[in-house]
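**Q** Residue numbers (the numbering used here): 902 to 958.
Set out below in structure tokens:
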């Protein structure tokens, strides 16, 4: 059985994120999933590298 993107949390490209940014996006993903009442899901963010402003897609 393979892993689907909806079955895991993936941050890509993680090598360009600071640890703080990675943890913030990870925590926000968990919070969103809890708020909508699901155990798994796909949460996509767009993090602009110049301003470091995130957007939920």
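Beta carbons: idealized from backbone N, C-alpha and C, even for Gly.
1) For residue 916, which residues in the same chain have their Cβ closer than 8 Å to its Cβ, ignoring the five residues on either side in sequence?
2) Are the beta-carbon atoms of residue 918 and residue 946 separated by less than 8 Å?
3) Along the alpha helix (DSSP H) that carries residue 934, what are the first and last residues, could you check?
**A** According to the data block:
1) As a first step, residue 916 is located in the chain shown; it is residue number 15 there, counting from the start. For residue 916, where only same-chain residues beyond five positions count, there are no Cβ hits under 8 Å.
2) Walking along the chain shown from the start, residue 918 turns up at place 17. Walking along the chain shown from the start, residue 946 turns up at place 45. Cβ distance not < 8 Å, so residue 918 and residue 946 don't count as in contact.
3) In the chain shown, counting from the first residue as 1, residue 934 sits at position 33. 920-937 is the extent of the alpha helix (DSSP H) around residue 934.
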